[in-house]
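Respectively, the protein sequence lines represent chains A and B. For the first sequence, my numbering gives the first residue as 15, with consecutive numbering after it. For the second sequence, my numbering gives the first residue as 14, with consecutive numbering after it. Taking it in order: structure first as structure tokens, then the write-up.
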Amino acid sequence: ETGVTQSPTHLIKTRGQQVTLRCSSQSGHNTVSWYQQALGQGPQFIFQYYREEENGRGNFPPRFSGLQFPNYSSELNVNALELDDSALYLCASSLGLADYNEQFFGPGTRLTVL
Amino acid sequence: DAKTTQPPSMDCAEGRAANLPCNHSTISGNEYVYWYRQIHSQGPQYIIHGLKNNETNEMASLIITEDRKSSTLILPHATLRDTAVYYCIVRVELGYSTLTFGKGTMLLVSP
Numbered sequence: 015e016t017g018v019t020q021s022p023t024h025l026i027k028t029r030g031q032q033v034t035l036r037c038s039s040q041s042g043h044n045t046v047s048w049y050q051q052a053l054g055q056g057p058q059f060i061f062q063y064y065r066e067e068e069n070g071r072g073n074f075p076p077r078f079s080g081l082q083f084p085n086y087s088s089e090l091n092v093n094a095l096e097l098d099d100s101a102l103y104l105c106a107s108s109l110g111l112a113d114y115n116e117q118f119f120g121p122g123t124r125l126t127v128l
Numbered sequence: 014d015a016k017t018t019q020p021p022s023m024d025c026a027e028g029r030a031a032n033l034p035c036n037h038s039t040i041s042g043n044e045y046v047y048w049y050r051q052i053h054s055q056g057p058q059y060i061i062h063g064l065k066n067n068e069t070n071e072m073a074s075l076i077i078t079e080d081r082k083s084s085t086l087i088l089p090h091a092t093l094r095d096t097a098v099y100y101c102i103v104r105v106e107l108g109y110s111t112l113t114f115g116k117g118t119m120l121l122v123s124p
């Protein structure tokens, strides 16, 4: 069984650029959630995808967007990068939407915006 | 949203029990209490969850008070590898499964 993987591990961008982060969910999981974790803070929910459809969204602007593919892997896209977007971006997969389903997290992508 | 309150940091000697408290006084009757931990430079890791009964697994025990307004995560024999930030989370009912993290408790296990 393969766990959640994310790529790249680290990324440096400049303000105004666009970035795409990738996530492969754990085998058999059809739900992917993305979180942003600023330094010293807990992860904050960005959005969730279930069977290729966005199923819920946190308090993030529209320049944060995503996709989920038929194999349930996912992308997080951020346009017009701002300095405050510097953070660890975490992807978590789970089986279905039920509240009791455990979410398995990947190691994250560290994004630095200069 | 039911919010949680945790101490910012705690210390524990290796081999001793670590008891991490969490207050969630506004929890609703059908909301679960979850515990995750995050070791430095890694993604959060699920530990345990419960509704109203005490729970135990290979990692930890979860004690929930009868009124459900607080809980305690117990690591029975802490090791150096248990040094991490521990998050107590009450599952938010938004029609989709998500986790709302606070700042958690930084547990430092020392030799």
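All residues carry an ideal CB built from backbone N, CA and C; glycine is no exception.
Trp48 (chain B): which of B:Thr39, B:Ile60, B:Ser38 and B:Leu88 sits nearest, CA to CA? Closest option to Trp48 (chain B), Cα to Cα, is B:Ile60.
Chain B partners of Gly120 (chain A), CB-CB under 9 Å? Neighbours of Gly120 (chain A) across chain B, judged by C-beta separation under 9 Å: Gly56.
Would you please state the rounded distance, in angstroms, between the beta carbons of Ala30 (chain B) and Ala73 (chain B)? I believe it to be under 8 Å. With a beta-carbon spacing of about 10 Å, Ala30 (chain B) and Ala73 (chain B) fall beyond the 8 Å limit used to define contacts.
Residues of the stretch 18-36 of chain B with a CB closer than 9 Å to any CB of chain A: list them in chain order, please. Against chain A - using a Cβ distance shorter than 9 Å - the stretch 18-36 of chain B contributes no residues.
Of all the options A:Asp99, A:Ile60, A:Ser88 and A:Phe74, which has the alpha carbon lying nearest to the alpha carbon of Ser38 (chain A)? Residue A:Ser88 is the option with its Cα nearest to Ser38 (chain A).
Interface residues of the stretch 98-112 of chain A facing chain B [CB-CB below 7 Å]: Listed by position along the chain: Leu104, Ser108, Leu111 and Ala112.
Just the chain A side, please: which residues come within less than 7 Å of Gly115 (chain B) by C-beta, in chain order? Result: Gly56.
Give a yes or no on whether 8 Å exceeds the smallest Cβ distance from Tyr11 (chain B) to chain A. With chain B running from 14 to 124 in the structure shown, residue 11 (chain B) is simply not present.
Find the residues of chain B that neighbour Glu116 (chain A), judging by a C-beta separation of less than 7 Å, and give them in chain order. Those within 7 Å of Glu116 (chain A) in chain B are Tyr59.
Given a cut-off of 8 Å, decide if Gln19 (chain B) and Gly117 (chain B) are closer than it, judged by their beta-carbon atoms. Yes.
Touch check for the stretch 98-115 of chain A and the stretch 51-63 of chain A: three-plus C-beta pairs under 8 Å? Short answer: they touch.
Do you know whose CA, among B:Gly28, B:Leu75 and B:Arg104, lies nearest Ile40 (chain B)'s CA? Among B:Gly28, B:Leu75 and B:Arg104, the Cα nearest to that of Ile40 (chain B) belongs to B:Arg104.
In chain order, what residues of the same chain have a beta carbon less than 6 Å from the beta carbon of Val122 (chain B), not counting five sequence neighbours either side? Cβ neighbours of Val122 (chain B) beyond the five flanking positions: Cys25, Glu27, Ala91, Leu93, Asp95 and Thr96.
Would you identify the three-state DSSP class for Arg94 (chain B), choosing helix, strand or coil? DSSP places Arg94 (chain B) in helix when its eight states are reduced to three.
Let me make sure I understand the geometry here. Which of A:Tyr64, A:Phe59 and A:Ile60 has the alpha-carbon closest to that of Thr45 (chain A)? Proximity to Thr45 (chain A) across A:Tyr64, A:Phe59 and A:Ile60 peaks at A:Tyr64, based on C-alpha coordinates.
Quick one: which chain A residues come within Cβ less than 8 Å of Thr111 (chain B)? Here the neighbours are Ser47, Phe59, Gln62, Gly70 and Gly72.
Exposed or buried, which one is Ser38 (chain B) when buried takes at least 16 other CB atoms within 10 Å? Around the Cβ of Ser38 (chain B), a 10 Å sphere holds fewer than 16 other Cβ atoms; the residue is exposed.
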